[in-house]
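Structure first, then comments.
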Amino acid sequence: MSIRLTVTLIFVICLMSSAPLSFGLQLSVIHINDFHARFEEMTPSMGTCKTTANCIGGFSRMYTLITQLYRTRPNPISLNAGDNFQGTLWYNMFKWNVTQFFLNMLPTDAMTLGNHEFDDGLEGIVPFLRSINIPVVLSNIDDSLEPSIRNLYRKSIIIEREGKKIGVIGVLTSGTKDVSKTGKLLFLDEVESVNSEARRLLDQEGVFTVIVVSHCGFESEIKMAKRVTRGISLIVGGHSNTLLYNGEPPIGVATGKYPTVIESVNNHTVLIIQADCFARYVGNLSVEYDASGNVISWEGNPIYLDQNIPKNESVEIHLDYYRQQINRISNRVLAKTNVLLDHVSCLSSECNLGNLIADSMIAYYSNQSDKDSWSKTAVAIINSGAIRSSISKGDITLKDLQNSLPFEDKLVYGELQGKHIKTVMERIN
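For the sequence shown, the residue numbers in mature numbering (1 follows the signal peptide of the UniProt record, and there is no 0) are -24 to -1, 1 to 405.
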């Protein structure tokens, strides 16, 4: 009798342990990254729209889609992974002010900062932080030597959905200090900062799960996902302008699946998502959790902002106000091209637009040569990442040039030995 009872108990326990985990929560994650002041619609090659045919993207379509998703999806969370500044005349002329004005229209639950938010120094980002209505999260900077930015952001926030707390942590690549104007800000280790804040949220605040909004780049986010503490389920990425997509994307080349699934050192599933750049896509992911906050299923894909997404009429009125001021300057015709000047191929090979820019740099200095040389310089180098959009066949306007070369960098002249130039060429990948 006792043997039979023992066997029965063991059998029942086995059945209980093999039963499916109970459902805990479904979240709908809506996200953008690397907007780069792309308020205007553009051509599929990211050039200036000279007719209305085939134009895509832009803030108005992005607004339409995000507000629709936020209104109709179950338990929506809308996140922005940074680099909203810099990229077009809209930013060069109106700086932080136009950015905060339009971003404040969106239903965004949290955002982090990108490296380009610091391109005009702390004096360029502090007014933005004072005026933006969106909670800004950033966990890995020490501002003790920069009091002007203190208390204008938080390491994390807590969002509630169906009575469950979701922690949202922000993180920015520490490389920002090398490529932007960050003053005396100190950048801390990204993963250690995220893990420290996540443990606080889990242990002290009792959050159900943690989402990281990252501006560190896809490869860094993969490394981060492998090392994060248990409880972090999702990394919403930015910085590398990466398109993650399932199947053949309507435009662009997918770097990986959406989401990219990583198993951490703590043996839990972490999802990574990123949605291209320049307001061409809006990320759209549905995630299901079990009762313990573990990811159990997911579904989604970035949504392409083509002409099937209508513009919003009231947003267009606000855009027109700024557009008229920009067009008075930007529509001036400076030159003409008989071919497409393509910037996309510059990322992987020799390209006609890159050649034109480098040749123009040499031509600029050729007018300054002395009588003993044909040119003051014989070599010009520009990094492909500085070239941000193509120029369509036809008239070339100031807007075209500004969109292609948006960064307010200075042309620098110097002398290098041939062996150093050879080293530079060999290290280009």
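Virtual Cβ for every residue (Gly too), placed ideally from N, Cα, C.
- Between Val204 and Val189, the CB-CB gap reaches or exceeds 8 Å.
- With 16 or more other Cβ atoms inside 10 Å of its own Cβ, Met87 counts as buried.
- Distance from Gln283 to Ile32 at the Cβ level is roughly 7 Å; contact confirmed, criterion being Cβ atoms closer than 8 Å.
- Between Ile125 and Val102, the beta carbon gap of about 6 Å places them in contact (Cβ cut-off 8 Å).
- Distance from the CA of Phe78 to the CA of Val241, rounded to the nearest whole angstrom, comes to 40 Å.
- Using a Cβ distance threshold of 8 Å, Asp376 and Lys312 do not count as a contacting pair.
- For Phe77, the uninterrupted alpha helix (DSSP H) run begins and ends at 65 to 79, by DSSP.
- The straight-line gap separating the alpha-carbon atoms of Ala230 and Leu210 is approximately 19 Å.
- Short of 8 Å from the beta carbon of Val315, and not among the five residues preceding or following it, lie these beta carbons of its own chain, in chain order: Asn328, Lys369.
- When rounded, the separation of the alpha-carbon atoms in Gly146 and Lys287 is 30 Å.
- Shown here, His7 sits in a strand according to DSSP, grouped into three states.
- Distance from the CA atom of Gly330 to the CA atom of His92, rounded to whole angstroms, is 22 Å.
- If the five residues before and after Tyr46 are omitted, its C-beta is found closer than 7 Å to the C-beta atoms of Ile6, Pro52, Ser54, Pro83, all from its own chain and listed in chain order.
- Cβ neighbours of His244 within its own chain (closer than 6 Å, five residues either side excluded): Arg206.
- By the Cβ neighbour-count rule, Arg106 is exposed, with fewer than 16 other Cβ atoms within 10 Å of its own.
- Secondary structure of Tyr389 (DSSP, three-state): coil.
- Within the same chain, Ala356, Ile357, Ile358 come within 8 Å of Ala334 by CB-CB distance, once the 5 residues on both sides are set aside.
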